[in-house]
Amino acid sequence: MEKLELWRQQIDEIDDEICTLIEKRLEIAKQIGLFKLKNQLPIVSLEREQEINKRLQKRKYGEQLSSIYEKIFQLSKELQQIDFFLVGKKLDYSLSPLIHLLMGNLRYGLWETEHFESIQKLPFQALNVTNPFKTAAFECCDESSEEAKITKTCNLLVRNNGIIRGFNTDYGAFLATLDFYHQNVKSLKVVIIGNGATSRTIAQALIARGCDRIIYLVREIRNKDEFLIADYLRFSDFQMIINTTPYGTNQQDDLLPLFPLKDFVNLQFVMDVVYNPPLTALLLAAKQLSIPHANGLLMLVTQAALGLQIVKQKSYHNLIQPVFQQLKKELTNLVLIGMPYSGKTTYGRLISKALGRPFFDVDLELEKEGHDLSTLLKKSNLADFRQKEANITLALNQRRGVVIATGGGIVLNDAIMQRLKQKSILIFINTPLSELIKRIDQTRPLAQNQEQLEQLFINRISLYHRYADIIAHNEKEILEKVYEYFNHQWP
46 MEKLELWRQQ IDEIDDEICT LIEKRLEIAK QIGLFKLKNQ LPIVSLEREQ
96 EINKRLQKRK YGEQLSSIYE KIFQLSKELQ QIDFFLVGKK LDYSLSPLIH
146 LLMGNLRYGL WETEHFESIQ KLPFQALNVT NPFKTAAFEC CDESSEEAKI
196 TKTCNLLVRN NGIIRGFNTD YGAFLATLDF YHQNVKSLKV VIIGNGATSR
246 TIAQALIARG CDRIIYLVRE IRNKDEFLIA DYLRFSDFQM IINTTPYGTN
296 QQDDLLPLFP LKDFVNLQFV MDVVYNPPLT ALLLAAKQLS IPHANGLLML
346 VTQAALGLQI VKQKSYHNLI QPVFQQLKKE LTNLVLIGMP YSGKTTYGRL
396 ISKALGRPFF DVDLELEKEG HDLSTLLKKS NLADFRQKEA NITLALNQRR
446 GVVIATGGGI VLNDAIMQRL KQKSILIFIN TPLSELIKRI DQTRPLAQNQ
496 EQLEQLFINR ISLYHRYADI IAHNEKEILE KVYEYFNHQW P
(Lines of atoms letter the chains of each structure in order from A and count residues from 1; the text may use other names and numbers.)
(Lines give C-alpha, C1' and ligand atoms only; values in the text may rest on other atoms or scores of the structure.)
Protein backbone atom coordinates (compact mmCIF):
# COMPACT_ATOMS: atom_id res chain seq x y z
CA MET A 1 0.00 0.00 0.00
CA GLU A 2 2.88 2.33 0.74
CA LYS A 3 4.16 1.89 -2.81
CA LEU A 4 0.70 2.57 -4.24
CA GLU A 5 0.48 5.83 -2.29
CA LEU A 6 3.92 6.82 -3.58
CA TRP A 7 2.82 6.20 -7.19
CA ARG A 8 -0.35 8.21 -6.64
CA GLN A 9 1.67 11.06 -5.21
CA GLN A 10 3.93 10.98 -8.28
CA ILE A 11 0.88 11.02 -10.56
CA ASP A 12 -0.57 14.00 -8.68
CA GLU A 13 2.67 15.92 -9.12
CA ILE A 14 2.82 15.03 -12.83
CA ASP A 15 -0.84 16.04 -13.26
CA ASP A 16 -0.08 19.43 -11.73
CA GLU A 17 2.72 19.94 -14.26
CA ILE A 18 0.52 18.77 -17.15
CA CYS A 19 -2.34 21.09 -16.13
CA THR A 20 0.00 24.08 -15.87
CA LEU A 21 1.41 23.40 -19.34
CA ILE A 22 -2.04 22.83 -20.91
CA GLU A 23 -3.26 26.11 -19.41
CA LYS A 24 -0.20 27.83 -20.90
CA ARG A 25 -0.85 26.17 -24.28
CA LEU A 26 -4.50 27.28 -24.33
CA GLU A 27 -3.50 30.85 -23.45
CA ILE A 28 -1.05 30.86 -26.37
CA ALA A 29 -3.76 29.39 -28.63
CA LYS A 30 -6.00 32.31 -27.68
CA GLN A 31 -3.24 34.80 -28.55
CA ILE A 32 -2.82 33.04 -31.90
CA GLY A 33 -6.56 33.47 -32.45
CA LEU A 34 -6.25 37.24 -31.93
CA PHE A 35 -3.25 37.37 -34.28
CA LYS A 36 -5.21 35.47 -36.96
CA LEU A 37 -8.14 37.84 -36.49
CA LYS A 38 -5.99 40.95 -36.86
CA ASN A 39 -4.32 39.53 -39.96
CA GLN A 40 -7.50 38.01 -41.46
CA LEU A 41 -6.18 34.46 -41.35
CA PRO A 42 -8.43 31.37 -41.06
CA ILE A 43 -8.88 29.88 -37.57
CA VAL A 44 -8.62 26.26 -38.69
CA SER A 45 -5.29 24.97 -40.02
CA LEU A 46 -5.52 21.28 -40.88
CA GLU A 47 -1.89 21.24 -42.00
CA ARG A 48 -0.77 22.39 -38.56
CA GLU A 49 -2.86 19.69 -36.83
CA GLN A 50 -1.47 17.01 -39.16
CA GLU A 51 2.07 18.21 -38.47
CA ILE A 52 1.55 17.85 -34.70
CA ASN A 53 -0.10 14.43 -35.08
CA LYS A 54 2.83 13.23 -37.16
CA ARG A 55 5.20 14.14 -34.31
CA LEU A 56 2.97 12.41 -31.78
CA GLN A 57 2.99 9.13 -33.70
CA LYS A 58 6.74 8.86 -33.12
CA ARG A 59 6.23 8.75 -29.37
CA LYS A 60 5.79 5.65 -27.22
CA TYR A 61 2.03 6.16 -26.70
CA GLY A 62 1.42 7.95 -30.01
CA GLU A 63 -2.12 6.69 -30.61
CA GLN A 64 -3.26 7.55 -27.09
CA LEU A 65 -1.63 10.98 -27.26
CA SER A 66 -3.34 11.68 -30.60
CA SER A 67 -6.71 11.01 -28.96
CA ILE A 68 -5.90 13.45 -26.18
CA TYR A 69 -4.77 16.07 -28.68
CA GLU A 70 -8.02 15.84 -30.63
CA LYS A 71 -9.71 17.37 -27.59
CA ILE A 72 -6.93 19.96 -27.21
CA PHE A 73 -7.34 20.97 -30.88
CA GLN A 74 -11.09 21.31 -30.37
CA LEU A 75 -10.68 23.48 -27.26
CA SER A 76 -8.03 25.62 -28.96
CA LYS A 77 -10.34 26.33 -31.91
CA GLU A 78 -13.18 27.25 -29.56
CA LEU A 79 -10.93 29.67 -27.69
CA GLN A 80 -9.80 31.25 -30.97
CA GLN A 81 -13.36 32.05 -32.06
CA ILE A 82 -13.46 35.25 -30.02
CA ASP A 83 -16.55 37.44 -30.38
CA PHE A 84 -16.51 39.39 -27.08
CA PHE A 85 -13.65 41.89 -26.67
CA LEU A 86 -12.31 44.45 -24.23
CA VAL A 87 -11.15 47.53 -26.14
CA GLY A 88 -8.65 50.01 -24.74
CA LYS A 89 -5.20 51.52 -25.15
CA LYS A 90 -3.21 49.47 -22.63
CA LEU A 91 -4.81 46.30 -21.33
CA ASP A 92 -2.06 44.02 -20.01
CA TYR A 93 -3.22 44.81 -16.46
CA SER A 94 -6.83 43.76 -17.11
CA LEU A 95 -8.60 41.10 -15.04
CA SER A 96 -11.59 41.03 -17.41
CA PRO A 97 -10.48 37.89 -19.35
CA LEU A 98 -10.08 36.00 -16.06
CA ILE A 99 -13.45 37.23 -14.77
CA HIS A 100 -15.19 36.13 -17.97
CA LEU A 101 -13.41 32.79 -17.85
CA LEU A 102 -14.59 32.25 -14.26
CA MET A 103 -18.12 33.12 -15.41
CA GLY A 104 -17.96 30.58 -18.23
CA ASN A 105 -17.30 32.89 -21.19
CA LEU A 106 -14.32 31.39 -23.03
CA ARG A 107 -14.63 33.59 -26.12
CA TYR A 108 -13.33 36.82 -24.58
CA GLY A 109 -10.23 38.64 -25.76
CA LEU A 110 -8.28 41.90 -25.48
CA TRP A 111 -8.08 44.42 -28.34
CA GLU A 112 -5.43 47.06 -27.72
CA THR A 113 -5.63 50.06 -30.01
CA GLU A 114 -4.74 53.74 -30.16
CA HIS A 115 -7.82 54.45 -32.28
CA PHE A 116 -11.35 53.46 -31.32
CA GLU A 117 -12.36 53.35 -34.99
CA SER A 118 -10.35 50.12 -35.33
CA ILE A 119 -13.31 48.23 -33.82
CA GLN A 120 -14.80 48.29 -37.31
CA LYS A 121 -12.38 45.44 -38.14
CA LEU A 122 -13.75 43.26 -35.36
CA PRO A 123 -16.42 40.62 -36.00
CA PHE A 124 -17.80 41.26 -32.53
CA GLN A 125 -21.00 40.26 -30.85
CA ALA A 126 -20.12 42.42 -27.84
CA LEU A 127 -17.43 44.87 -26.78
CA ASN A 128 -16.43 46.04 -23.34
CA VAL A 129 -14.94 49.51 -23.56
CA THR A 130 -12.52 51.05 -21.07
CA ASN A 131 -11.08 54.55 -20.77
CA PRO A 132 -10.34 56.63 -22.77
CA PHE A 133 -12.94 55.33 -25.25
CA LYS A 134 -16.18 55.29 -23.20
CA THR A 135 -17.40 58.60 -24.64
CA ALA A 136 -16.50 57.58 -28.20
CA ALA A 137 -18.37 54.31 -27.65
CA PHE A 138 -21.50 56.23 -26.66
CA GLU A 139 -21.24 58.42 -29.75
CA CYS A 140 -21.03 55.44 -32.13
CA CYS A 141 -24.24 53.72 -30.90
CA ASP A 142 -27.39 53.36 -32.97
CA GLU A 143 -29.38 52.90 -29.75
CA SER A 144 -28.45 53.25 -26.08
CA SER A 145 -29.79 52.43 -22.63
CA GLU A 146 -31.13 55.07 -20.24
CA GLU A 147 -28.00 54.78 -18.07
CA ALA A 148 -25.82 55.37 -21.14
CA LYS A 149 -27.88 58.40 -22.18
CA ILE A 150 -27.81 60.19 -18.84
CA THR A 151 -24.06 59.60 -18.43
CA LYS A 152 -23.14 59.98 -22.14
CA THR A 153 -20.95 56.96 -21.49
CA CYS A 154 -20.87 53.36 -22.72
CA ASN A 155 -18.73 50.52 -21.44
CA LEU A 156 -20.62 47.83 -23.38
CA LEU A 157 -21.58 47.66 -27.06
CA VAL A 158 -23.74 44.83 -28.38
CA ARG A 159 -24.24 44.24 -32.11
CA ASN A 160 -27.37 42.49 -33.33
CA ASN A 161 -28.55 42.43 -36.96
CA GLY A 162 -26.18 45.29 -37.77
CA ILE A 163 -27.52 47.54 -35.01
CA ILE A 164 -25.11 48.60 -32.24
CA ARG A 165 -26.70 49.12 -28.83
CA GLY A 166 -24.80 50.84 -26.04
CA PHE A 167 -25.02 50.18 -22.32
CA ASN A 168 -23.40 51.52 -19.16
CA THR A 169 -23.15 48.57 -16.78
CA ASP A 170 -20.77 50.53 -14.52
CA TYR A 171 -23.83 52.48 -13.36
CA GLY A 172 -25.62 49.46 -11.89
CA ALA A 173 -22.34 47.93 -10.72
CA PHE A 174 -21.49 51.04 -8.68
CA LEU A 175 -24.93 51.04 -7.04
CA ALA A 176 -24.54 47.34 -6.23
CA THR A 177 -21.17 48.12 -4.62
CA LEU A 178 -22.75 50.79 -2.42
CA ASP A 179 -25.41 48.29 -1.37
CA PHE A 180 -22.86 45.58 -0.60
CA TYR A 181 -20.95 47.92 1.71
CA HIS A 182 -24.21 49.22 3.28
CA GLN A 183 -23.72 52.80 2.12
CA ASN A 184 -26.81 55.01 2.03
CA VAL A 185 -25.87 58.22 0.19
CA LYS A 186 -29.20 60.01 0.61
CA SER A 187 -28.55 63.63 1.70
CA LEU A 188 -24.77 63.08 1.80
CA LYS A 189 -22.16 65.43 0.37
CA VAL A 190 -19.65 63.60 -1.84
CA VAL A 191 -16.21 64.45 -3.24
CA ILE A 192 -15.40 62.78 -6.56
CA ILE A 193 -11.74 62.85 -7.60
CA GLY A 194 -11.51 63.19 -11.39
CA ASN A 195 -13.74 64.43 -14.19
CA GLY A 196 -13.65 61.66 -16.79
CA ALA A 197 -16.29 59.22 -18.03
CA THR A 198 -16.24 57.16 -14.83
CA SER A 199 -16.89 60.26 -12.71
CA ARG A 200 -19.98 61.04 -14.83
CA THR A 201 -21.34 57.55 -14.23
CA ILE A 202 -20.79 57.66 -10.49
CA ALA A 203 -22.22 61.17 -10.17
CA GLN A 204 -25.46 60.22 -11.95
CA ALA A 205 -25.82 57.09 -9.81
CA LEU A 206 -25.33 59.17 -6.65
CA ILE A 207 -27.93 61.70 -7.82
CA ALA A 208 -30.40 58.86 -8.43
CA ARG A 209 -29.89 57.77 -4.82
CA GLY A 210 -30.64 61.23 -3.43
CA CYS A 211 -27.14 62.57 -2.82
CA ASP A 212 -27.27 66.17 -1.52
CA ARG A 213 -24.21 67.66 -3.23
CA ILE A 214 -21.35 66.49 -5.46
CA ILE A 215 -18.13 68.36 -6.20
CA TYR A 216 -15.15 67.24 -8.29
CA LEU A 217 -11.51 67.67 -7.30
CA VAL A 218 -9.44 67.82 -10.49
CA ARG A 219 -6.05 68.81 -11.86
CA GLU A 220 -7.63 70.99 -14.58
CA ILE A 221 -11.05 72.64 -14.26
CA ARG A 222 -13.32 72.01 -17.25
CA ASN A 223 -16.89 72.00 -15.97
CA LYS A 224 -19.28 73.26 -13.29
CA ASP A 225 -18.67 72.13 -9.67
CA GLU A 226 -15.00 71.36 -10.38
CA PHE A 227 -12.25 72.60 -8.09
CA LEU A 228 -8.50 72.14 -8.01
CA ILE A 229 -7.23 69.32 -5.81
CA ALA A 230 -5.28 71.90 -3.79
CA ASP A 231 -8.63 73.39 -2.65
CA TYR A 232 -9.74 70.20 -0.89
CA LEU A 233 -10.00 71.89 2.53
CA ARG A 234 -13.06 73.83 1.35
CA PHE A 235 -14.95 70.52 1.46
CA SER A 236 -13.64 69.04 4.69
CA ASP A 237 -17.21 68.56 5.98
CA PHE A 238 -18.12 66.16 3.12
CA GLN A 239 -18.97 62.60 4.14
CA MET A 240 -17.77 60.48 1.21
CA ILE A 241 -14.78 60.47 -1.15
CA ILE A 242 -14.64 58.47 -4.40
CA ASN A 243 -11.55 58.35 -6.61
CA THR A 244 -12.28 57.80 -10.32
CA THR A 245 -8.75 58.46 -11.61
CA PRO A 246 -5.95 55.92 -12.21
CA TYR A 247 -3.83 57.52 -9.47
CA GLY A 248 -2.43 54.76 -7.30
CA THR A 249 -2.06 52.07 -9.95
CA ASN A 250 1.63 52.67 -10.62
CA GLN A 251 4.59 51.92 -8.39
CA GLN A 252 5.83 55.40 -9.29
CA ASP A 253 2.78 57.06 -7.72
CA ASP A 254 3.26 58.69 -4.33
CA LEU A 255 2.71 56.58 -1.24
CA LEU A 256 0.46 59.35 0.05
CA PRO A 257 -3.06 60.14 -1.20
CA LEU A 258 -3.62 63.32 -3.24
CA PHE A 259 -4.69 65.05 -0.01
CA PRO A 260 -4.76 63.99 3.66
CA LEU A 261 -7.97 62.32 4.82
CA LYS A 262 -7.54 63.35 8.45
CA ASP A 263 -8.80 66.82 7.50
CA PHE A 264 -12.25 65.43 6.61
CA VAL A 265 -14.02 65.54 9.96
CA ASN A 266 -17.27 63.79 8.90
CA LEU A 267 -15.86 61.16 6.56
CA GLN A 268 -18.00 57.98 6.50
CA PHE A 269 -16.77 56.05 3.45
CA VAL A 270 -13.92 56.09 0.93
CA MET A 271 -13.97 54.28 -2.41
CA ASP A 272 -11.33 53.94 -5.11
CA VAL A 273 -12.33 52.48 -8.48
CA VAL A 274 -8.75 51.19 -8.78
CA TYR A 275 -8.54 47.53 -7.71
CA ASN A 276 -4.86 46.75 -8.21
CA PRO A 277 -3.21 47.28 -5.80
CA PRO A 278 -6.12 46.33 -3.53
CA LEU A 279 -5.14 49.14 -1.14
CA THR A 280 -4.14 52.31 -2.99
CA ALA A 281 -2.57 55.16 -1.05
CA LEU A 282 -6.08 56.60 -0.62
CA LEU A 283 -7.53 53.38 0.79
CA LEU A 284 -4.48 52.69 2.95
CA ALA A 285 -4.95 56.11 4.53
CA ALA A 286 -8.64 55.33 5.12
CA LYS A 287 -7.76 52.00 6.70
CA GLN A 288 -5.23 53.60 9.02
CA LEU A 289 -7.95 56.02 10.18
CA SER A 290 -10.47 53.15 10.59
CA ILE A 291 -12.77 54.65 7.94
CA PRO A 292 -14.89 52.10 5.99
CA HIS A 293 -13.47 51.74 2.48
CA ALA A 294 -13.66 49.71 -0.74
CA ASN A 295 -11.71 49.31 -3.96
CA GLY A 296 -13.19 48.82 -7.44
CA LEU A 297 -12.94 45.02 -7.65
CA LEU A 298 -16.57 44.26 -6.79
CA MET A 299 -17.70 46.95 -9.23
CA LEU A 300 -15.55 45.35 -11.97
CA VAL A 301 -16.93 41.86 -11.34
CA THR A 302 -20.53 43.12 -11.14
CA GLN A 303 -20.34 45.07 -14.40
CA ALA A 304 -19.01 41.94 -16.12
CA ALA A 305 -21.96 39.91 -14.81
CA LEU A 306 -24.43 42.60 -15.90
CA GLY A 307 -22.80 42.72 -19.34
CA LEU A 308 -22.97 38.96 -19.78
CA GLN A 309 -26.61 39.04 -18.72
CA ILE A 310 -27.37 41.51 -21.53
CA VAL A 311 -25.39 39.55 -24.12
CA LYS A 312 -26.36 36.00 -23.15
CA GLN A 313 -29.90 36.80 -21.95
CA LYS A 314 -29.52 34.97 -18.65
CA SER A 315 -28.64 35.96 -15.10
CA TYR A 316 -25.07 35.74 -13.77
CA HIS A 317 -25.95 37.27 -10.40
CA ASN A 318 -25.16 34.09 -8.45
CA LEU A 319 -21.55 34.17 -9.74
CA ILE A 320 -20.72 37.70 -8.57
CA GLN A 321 -19.78 36.92 -4.97
CA PRO A 322 -17.87 33.65 -5.67
CA VAL A 323 -15.80 35.33 -8.41
CA PHE A 324 -15.27 38.46 -6.28
CA GLN A 325 -14.05 36.42 -3.30
CA GLN A 326 -11.76 34.29 -5.48
CA LEU A 327 -10.18 37.30 -7.17
CA LYS A 328 -9.79 39.12 -3.86
CA LYS A 329 -7.61 36.24 -2.68
CA GLU A 330 -5.76 35.78 -5.98
CA LEU A 331 -4.75 39.45 -6.14
CA THR A 332 -3.37 39.40 -2.60
CA ASN A 333 0.02 38.17 -1.44
CA LEU A 334 0.80 36.76 2.00
CA VAL A 335 4.02 38.28 3.34
CA LEU A 336 5.76 36.83 6.40
CA ILE A 337 7.77 39.17 8.62
CA GLY A 338 9.68 38.37 11.78
CA MET A 339 12.99 37.96 13.54
CA PRO A 340 15.89 35.84 12.29
CA TYR A 341 15.32 32.21 13.39
CA SER A 342 11.55 32.79 13.73
CA GLY A 343 10.77 30.19 11.06
CA LYS A 344 9.52 32.41 8.22
CA THR A 345 10.86 30.06 5.54
CA THR A 346 9.47 26.94 7.20
CA TYR A 347 6.04 28.46 7.79
CA GLY A 348 6.08 30.02 4.32
CA ARG A 349 6.52 26.62 2.69
CA LEU A 350 3.80 25.08 4.86
CA ILE A 351 1.34 27.87 4.05
CA SER A 352 2.26 27.70 0.38
CA LYS A 353 1.44 23.99 0.28
CA ALA A 354 -1.76 24.35 2.32
CA LEU A 355 -3.15 27.15 0.14
CA GLY A 356 -1.69 26.06 -3.21
CA ARG A 357 0.27 29.29 -3.65
CA PRO A 358 3.81 29.75 -5.05
CA PHE A 359 6.42 30.44 -2.37
CA PHE A 360 9.39 32.80 -2.53
CA ASP A 361 12.07 33.43 0.07
CA VAL A 362 13.78 36.81 -0.26
CA ASP A 363 17.02 35.55 1.33
CA LEU A 364 17.17 32.60 -1.08
CA GLU A 365 16.47 34.87 -4.06
CA LEU A 366 19.30 37.16 -2.97
CA GLU A 367 21.59 34.16 -2.57
CA LYS A 368 20.86 33.02 -6.14
CA GLU A 369 22.10 36.39 -7.38
CA GLY A 370 25.16 36.35 -5.14
CA HIS A 371 23.73 39.17 -3.05
CA ASP A 372 23.19 37.38 0.24
CA LEU A 373 24.36 39.26 3.31
CA SER A 374 27.41 37.09 4.02
CA THR A 375 28.73 37.57 0.47
CA LEU A 376 27.95 41.28 0.23
CA LEU A 377 29.56 42.18 3.55
CA LYS A 378 32.88 40.84 2.21
CA LYS A 379 32.90 43.33 -0.68
CA SER A 380 30.36 46.02 0.21
CA ASN A 381 28.30 47.29 3.15
CA LEU A 382 25.02 46.74 4.94
CA ALA A 383 23.32 49.68 3.17
CA ASP A 384 24.05 48.07 -0.21
CA PHE A 385 22.49 44.82 1.01
CA ARG A 386 19.39 46.63 2.30
CA GLN A 387 18.87 48.26 -1.11
CA LYS A 388 19.14 44.94 -2.94
CA GLU A 389 16.86 43.32 -0.37
CA ALA A 390 14.29 46.08 -0.95
CA ASN A 391 14.46 45.69 -4.74
CA ILE A 392 13.95 41.91 -4.59
CA THR A 393 11.11 42.25 -2.10
CA LEU A 394 9.27 44.79 -4.26
CA ALA A 395 9.78 42.69 -7.40
CA LEU A 396 8.33 39.61 -5.70
CA ASN A 397 5.41 41.64 -4.38
CA GLN A 398 4.48 42.59 -7.95
CA ARG A 399 3.37 38.98 -8.42
CA ARG A 400 -0.15 37.89 -7.59
CA GLY A 401 -1.29 35.35 -5.03
CA VAL A 402 2.11 34.31 -3.70
CA VAL A 403 3.62 33.66 -0.26
CA ILE A 404 6.78 35.65 0.51
CA ALA A 405 9.19 35.16 3.41
CA THR A 406 11.02 38.45 3.88
CA GLY A 407 14.36 39.23 5.45
CA GLY A 408 14.21 40.05 9.15
CA GLY A 409 15.34 43.64 8.61
CA ILE A 410 12.84 44.64 5.93
CA VAL A 411 10.74 46.39 8.62
CA LEU A 412 13.48 49.01 8.93
CA ASN A 413 12.38 50.40 5.53
CA ASP A 414 9.04 52.19 5.99
CA ALA A 415 8.55 52.96 2.28
CA ILE A 416 8.88 49.28 1.36
CA MET A 417 6.54 48.25 4.16
CA GLN A 418 3.89 50.69 2.91
CA ARG A 419 4.21 49.23 -0.61
CA LEU A 420 3.81 45.73 0.82
CA LYS A 421 0.71 46.75 2.77
CA GLN A 422 -0.95 48.00 -0.42
CA LYS A 423 -0.94 44.56 -1.99
CA SER A 424 -0.30 42.04 0.78
CA ILE A 425 -1.46 40.76 4.12
CA LEU A 426 1.50 41.04 6.51
CA ILE A 427 1.87 38.14 8.93
CA PHE A 428 4.20 38.54 11.90
CA ILE A 429 5.63 35.20 13.06
CA ASN A 430 5.81 36.05 16.76
CA THR A 431 8.31 33.50 18.06
CA PRO A 432 9.31 34.17 21.70
CA LEU A 433 12.83 35.51 22.25
CA SER A 434 13.68 32.54 24.46
CA GLU A 435 12.92 30.20 21.55
CA LEU A 436 14.88 32.34 19.08
CA ILE A 437 17.94 32.14 21.34
CA LYS A 438 17.78 28.32 21.31
CA ARG A 439 17.92 28.36 17.49
CA ILE A 440 21.09 30.43 17.11
CA ASP A 441 23.38 28.56 14.72
CA GLN A 442 25.74 31.35 13.54
CA THR A 443 24.30 31.29 9.99
CA ARG A 444 22.96 34.86 10.32
CA PRO A 445 25.72 37.50 10.10
CA LEU A 446 23.80 40.02 12.23
CA ALA A 447 22.64 37.53 14.88
CA GLN A 448 25.50 35.15 15.60
CA ASN A 449 25.20 35.21 19.37
CA GLN A 450 22.64 35.89 22.09
CA GLU A 451 23.71 39.49 22.67
CA GLN A 452 23.36 40.43 18.99
CA LEU A 453 20.00 38.67 18.71
CA GLU A 454 18.61 40.38 21.81
CA GLN A 455 19.67 43.79 20.46
CA LEU A 456 17.95 43.10 17.12
CA PHE A 457 14.84 42.04 19.02
CA ILE A 458 14.81 45.27 21.04
CA ASN A 459 15.30 47.39 17.90
CA ARG A 460 12.67 45.65 15.77
CA ILE A 461 9.89 44.15 17.89
CA SER A 462 7.77 47.33 17.91
CA LEU A 463 8.11 47.57 14.10
CA TYR A 464 6.86 44.01 13.59
CA HIS A 465 3.79 44.81 15.68
CA ARG A 466 3.24 48.14 13.92
CA TYR A 467 3.17 46.71 10.41
CA ALA A 468 1.50 43.35 11.08
CA ASP A 469 -2.04 42.68 9.88
CA ILE A 470 -1.92 39.27 11.55
CA ILE A 471 0.16 38.10 14.51
CA ALA A 472 0.54 34.34 14.82
CA HIS A 473 2.75 31.69 16.41
CA ASN A 474 2.17 28.53 14.35
CA GLU A 475 0.84 27.22 11.03
CA LYS A 476 -2.68 26.44 12.28
CA GLU A 477 -3.07 29.89 13.79
CA ILE A 478 -1.73 31.55 10.64
CA LEU A 479 -4.21 29.75 8.35
CA GLU A 480 -7.18 30.42 10.64
CA LYS A 481 -6.33 34.11 10.87
CA VAL A 482 -5.71 34.42 7.11
CA TYR A 483 -9.17 33.03 6.31
CA GLU A 484 -10.72 35.31 8.92
CA TYR A 485 -8.87 38.35 7.60
CA PHE A 486 -9.89 37.72 3.98
CA ASN A 487 -13.53 37.36 4.96
CA HIS A 488 -13.86 40.34 7.28
CA GLN A 489 -11.00 42.82 7.05
CA TRP A 490 -9.41 42.78 3.59
CA PRO A 491 -9.00 45.10 1.88
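Heads up: the sequence shown runs through residues 46 to 536, numbered per this note's numbering. Beta carbons: idealized from backbone N, C-alpha and C, even for Gly. These figures come from a predicted structure and were not determined experimentally.
Outcome for E267 when other beta-carbon atoms lying within 10 angstroms are tallied against a minimum of 16: Note on residue identity: the sequence assigns Arg, not Glu, to residue 267. R267 should be labelled exposed.
Proximity to D459 [Cα-Cα], best of F314, R431, D224 and D60: R431
Counted within 10 angstroms of its Cβ, other Cβ atoms place H227 as buried (16 or more) or exposed: exposed
Pairwise C-alpha distance: K466 and L508: 14 Å
Bridge-paired residues (DSSP) for M316: I287 and A339
For G452 and V236, the rounded distance between their alpha carbons: 41 Å
Cβ shell of V310 (< 7 Å), same chain only, five flanking positions each side left out: S281 and D282
S469 (DSSP reduced to helix, strand or coil): strand
Euclidean distance between Cα positions of K194 and R505: Taken atom to atom, the span from the alpha-carbon of K194 to that of R505 is near 57 Å.
Among I117, M285 and C185, nearest to H338 - alpha-carbon criterion: Of the candidates I117, M285 and C185, the one whose C-alpha sits nearest the C-alpha of H338 is M285.
Distance between S121 and I77 (C-alpha atoms, nearest Å): 10 Å
C-beta atoms of E25 and Y216 nearer than 8 Å: Limits of the chain in this structure are 46 at one end and 536 at the other, which puts residue 25 out of reach.
N532 in three-state terms, based on DSSP: helix
K468 versus G239: straight-line alpha-carbon distance, rounded: K468 and G239 have their C-alpha atoms roughly 23 Å apart.
Alpha helix (DSSP H) segment containing D408, residue limits: V407 to K413
Selection from L101, L273, A250 and N321 that minimises the alpha carbon distance to P536: N321
Boundaries (first-last residue) of the beta strand (DSSP E) holding I238: K234 to I238
Minimum C-alpha distance to A171 - residue among T196, T158, T180 and G207: Out of T196, T158, T180 and G207, G207 has the C-alpha closest to the C-alpha of A171.
Three-state secondary structure (DSSP) of E159: coil
Same chain, Cβ closer than 7 Å to R264, neighbours up to 5 away in sequence not counted: I274
Exposure of E434, with buried meaning 16 or more beta-carbon neighbours within 10 Å: buried
Ordered list of alpha helix (DSSP H) runs contained in the stretch 442-518, each at least 4 residues: 459-468, 478-483 and 495-512
Nearest-angstrom Cβ-Cβ length linking L151 and S141, presumed shorter than 8 Å: That belief does not hold up - the Cβ atoms of L151 and S141 are roughly 13 Å apart, past 8 Å.
Supposed close pair G341, T214 - CB separation, criterion 8 Å: For G341 against T214, the beta-carbon gap comes to about 13 Å, at or over 8 Å, which does not count as contact.
Nearest neighbour of T158, chosen from M148, H145, P168 and T175 [CA to CA]: The option with the nearest alpha carbon to T158 is T175.
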